[in-house]
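End of the sequence shown sits at 954 in my numbering; the numbers just go up one at a time, nothing left out.
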Amino acid sequence: MSPRNPKFYLTTPIYYTNGLPHIGHTYTTVVADTIRRYKRMRGYEVVMTTGTDEHGVNVERAAKNAGVSETAFVAKMAAEWRALWDELGLTADEFVRTTDLHHVRTVQWLFRQCRENGYVYKGHYTGQYCIYDNAFVNDAKPGDNCPDCGRPTETVTEENYFFKLSAFQKPLLDFYKKHPEFIQPESRRNEIVSFVEGGLKDLSITRTTIRWGIPVPGEEPHVFYVWFDALTAYLSAVGGPEFDKRGMWPADLHLVGKDIIRFHTVYWPAFLMAAMLPVPKQVWAHGWFLMDAAKMSKSKGNVVLPRPIANMLGMDALRYFLLREVVFGQDGNFSYDALVTRYNSDLANGLGNLASRTVALIEKNFSGKIPKATERKPQDEALAKEVQAAIGEALEGFENLSFARALETIWGVIASADKYLTTEQPWALGHSAEEQSRKATVLWTTAELLRIVTVLAHPVMPASTAKVWSLLALPGSVEAVELDGLRWGQLTPGKQLGPAQPLFPRVDKNEAIERMEAMANEELNPAPATQTAKAGATPAGAAAVSPTSPEKISIEDFAKVEMRVGQIKTAERIMGADKLLKLTVDIGTEIRQICAGIAQYYEPEKLIGRKVAVVVNLAPRKLRGVESNGMVIAAAVGPEGRPVLAGFPDEDVEVGARLK
Ligand code: MSP
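Quick look at the structure:
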């Protein structure tokens, strides 16, 4: 690899498939995506991975409750996780499923390496096991609850393969000493160092009480302990046993929540050392987003979902809020109130207002052409100096993952621009040559400041900064700007501004909160009609609905769903949403606009005229900002849940005919 393109490999945890993503999960993935964008703008070749952790007792039970096989259950859940990440613009470069064959082989290979090197032996283990966290609880007695989640533990005795973790106490402590940057933040490092100093017990890494896991070759019914399986996903994502070919291993950064730091900084490096493989460079543990002062969980009923926020305020607003609101590494409270307040003050009144004011003034005074700065006054120079300094500070913030600080610096620059405009009052200047030239300098200065803010904010707010970029008619795309070359003074005058685009329309706080809560409620507790439409078929609009509902419904419930034969009139792709197509569908009585998650499998042109099954009495909703009024029915086929449209190939059915 050329020295001009150093590599950077970062990961999110792989998420459990027994639930769907809430903003706690979204937080980790947003951070990863932001770092990925930032590093790319600094010239790195970046790979970001995420995925789904699909084995273990929880999945076994959830699948049983849902009355489906584990394979079908996880396939569906993994498809939903993936679809939501895509919808939120958070598509990773690699998505690992722990049921992928390649991953299975990597886990088995890693085990062999550890065993061949003498770090694995067979023994018996009896202990208290938390089935929710998939972990034995050290020092717990029968009847004790799990200290992490508070739920009852179960006594389990098994014949296991053990990993000689105890042999790694010294190597780990030496490693932490030699690489103080390995565990971040500092406080977590101290915590882990004292844990390891307290002594390490050998770890059982296979199970015989669980069926749904990766088999230990030749040792059935042993399957791998979920954490031995899950951690290895980081390696399988970039080549597994052949990681050398891809050149990405070791990982540069594992992003994790503070709940899983021990697995990542004790077990994982020990497994790798035992296999004589390179150890990751850094593990960064962030805090939790709390709701009502508690960690979000579906059973507590305090989860906040990302989709309603993205639909109402835009994904950039959620990204900004998550990164600005709490210091990375600490816990923070989520509240819709704080979210909308920040949206209105920092985005609508801050960046949005600066952009629209700048553009309006240039339109009015210079026919939309960026003017040329002529004579610079001390206040112009002072602002330039401040912005130049802010570039360094913001980059340092990003580099240290101090996102709140980086954003504070950038928004400090926006505030200075507002102040500058208020003092300079370009709108009050007349038409004399002198005043015209002053106006030009002030407006060039403001536009240049806006350009720099746009570049710096891009890793956090990719969509809206791309809009400002085209508004300022800047060359190329904002993500291609090299941060190392960013300086004050690079804005070329004379360019005609691009067409105006709404950035962050102000919202009424109460109304916005009500709407987001209503959308979240609908998603968490879907009306029977929505569930019915999902039984055996996937709505191509891909709403995230619990697949586990075991109840049967009555014929009256079924009758609430109105389905009709529709005919597709137009079909087009939606910018920025790889999976969605915007359709107009004739349902006999009217033409409806419906979004369908089928873009990766159907060519829009080929859909015209096709007859499909449509749920017509579904409450309208927005998908990626586009209203969808109804739902086209599709079967979910194969492990990826590939949508196949339900249709009427044999009969010439009338458009609008009811399905019953
Ligand atoms: N499957 C394991 C990870 C295996 S990695 C080899 C797991 N999955 S999880 O779905 O329960 O959670 C994964 C991560 O989601 C957490 O570590 C954390 O990064 C994030 N979060 C889950 N809830 C969270 C909050 N309420 N707040 C912030 N992040 C949280 O653990």
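Virtual Cβ for every residue (Gly too), placed ideally from N, Cα, C.
Note that the structure is a prediction, hence the values are computed from the model and not measured.
May I ask you to report which of helix, strand or coil DSSP gives residue i?
i: P665; result: coil
i: C408; result: helix
i: P572; result: coil
i: F518; result: strand
i: I555; result: helix
i: Q790; result: strand
i: H316; result: coil
i: W506; result: coil
i: R904; result: coil
i: A767; result: coil
i: F469; result: helix
i: W578; result: strand
i: D944; result: coil
i: N439; result: strand
i: S696; result: coil
i: Y413; result: coil
i: G706; result: helix
i: N923; result: coil
i: I477; result: strand
i: Q825; result: Low confidence applies to Q825: its pLDDT is 39, below 50, so where it sits in the model is not reliable, and the reading given next is rough at best. Three-state result, Q825: helix.
i: G691; result: helix
i: L785; result: coil
i: H396; result: helix
i: I862; result: strand
i: G835; result: In this prediction, G835 has a pLDDT of 34, which is less than 50 and means its spatial position is unreliable; what the coordinates show is noted afterwards. It is coil, neither helix nor strand.
i: N1022; result: Since the first residue of the chain shown is 295 and the last is 954, residue 1022 is not available in this structure.
Assign residue i to buried or exposed, taking buried as 16 or more other Cβ atoms, counted over all protein chains shown, within 10 Å of its Cβ.
i: A838; result: Unreliable positioning characterises A838 in this predicted model, as indicated by a pLDDT of 32, which lies under 50. The coordinate reading is nonetheless provided below. Counting Cβ neighbours within 10 Å, A838 comes out buried, since at least 16 surround it.
i: E805; result: exposed
i: R613; result: buried
i: L395; result: exposed
i: G686; result: exposed
i: V325; result: buried
i: E817; result: buried
i: I704; result: buried
i: M606; result: buried
i: A853; result: exposed
i: K713; result: exposed
i: H319; result: buried
i: Q478; result: buried
i: W379; result: buried
i: G444; result: exposed
i: W721; result: exposed
i: A676; result: exposed
i: D468; result: exposed
i: P436; result: exposed
May I ask you to list the residues that DSSP assigns as paired with residue i?
i: L304; result: M342, L547
i: Y528; result: DSSP, once it has assigned bridges, lists no residue as partnering Y528.
i: I868; result: A871
i: M585; result: A588
i: P937; result: A930
i: R501; result: V517
i: D674; result: DSSP lists no partner for D674.
i: Q463; result: Looking at the DSSP assignment, Q463 forms no beta bridge with any residue, so it has no partner.
i: L648; result: Paired residue(s): none; L648 is not in a bridge.
i: Q887; result: T878
i: V450; result: G421
i: M857; result: V909, L953
i: E388; result: T343
Less than 7 angstroms separating the Cβ of residue i from some heavy atom of the ligand HEM?
i: K589; result: In terms of ligand content, the structure shown lacks the ligand HEM and carries the ligand MSP instead.
- Say whether the region 731-748 touches the region 647-659, bearing in mind that this needs 3 or more beta-carbon pairs closer than 8 angstroms, one atom from each stretch. yes
- Item | Touch test, the region 499-513 against the region 441-460, Cβ-Cβ under 8 angstroms, three pairs minimum | yes
- Check whether the region 870-887 touches the region 919-932, counting contact only when three or more Cβ pairs, one atom from each stretch, lie closer than 8 angstroms. yes
- Query: Is the region 575-593 in contact with the region 771-785, if contact means three or more CB pairs nearer than 8 angstroms?
  - Reply: no
- Item | Segment contact flag, the region 533-544 with the region 359-375, C-beta cutoff 8 angstroms, min 3 pairs | no
- Task: Please confirm if the region 619-627 is in contact with the region 766-779, defined as three or more CB-CB distances below 8 angstroms between the two stretches.
- Result: no
- Message: Below 8 angstroms, how does it come out for the region 557-577 and the region 514-531: are there three or more Cβ pairs, yes or no?
- Response: yes
- Can at least three beta-carbon pairs, one atom from the region 376-393 and one from the region 485-498, be found at a separation below 8 angstroms? no
- Message: Counting beta carbon pairs with one atom in the region 347-358 and one in the region 660-671, are three or more of them shorter than 8 angstroms?
- Response: no
- Query: Do the region 367-375 and the region 905-919 meet, that is, are 3 or more Cβ pairs less than 8 angstroms apart?
  - Reply: no
- Message: Does the region 383-394 come into contact with the region 544-557, if we say contact requires no fewer than three beta-carbon pairs (one atom in each stretch) closer than 8 angstroms?
- Response: no
- the region 853-873 in contact with the region 888-901 per 3-pair CB rule at 8 angstroms: yes
- Query: Quick one: any contact between the region 298-305 and the region 333-342, if contact means 3 or more CB pairs under 8 angstroms?
  - Reply: yes
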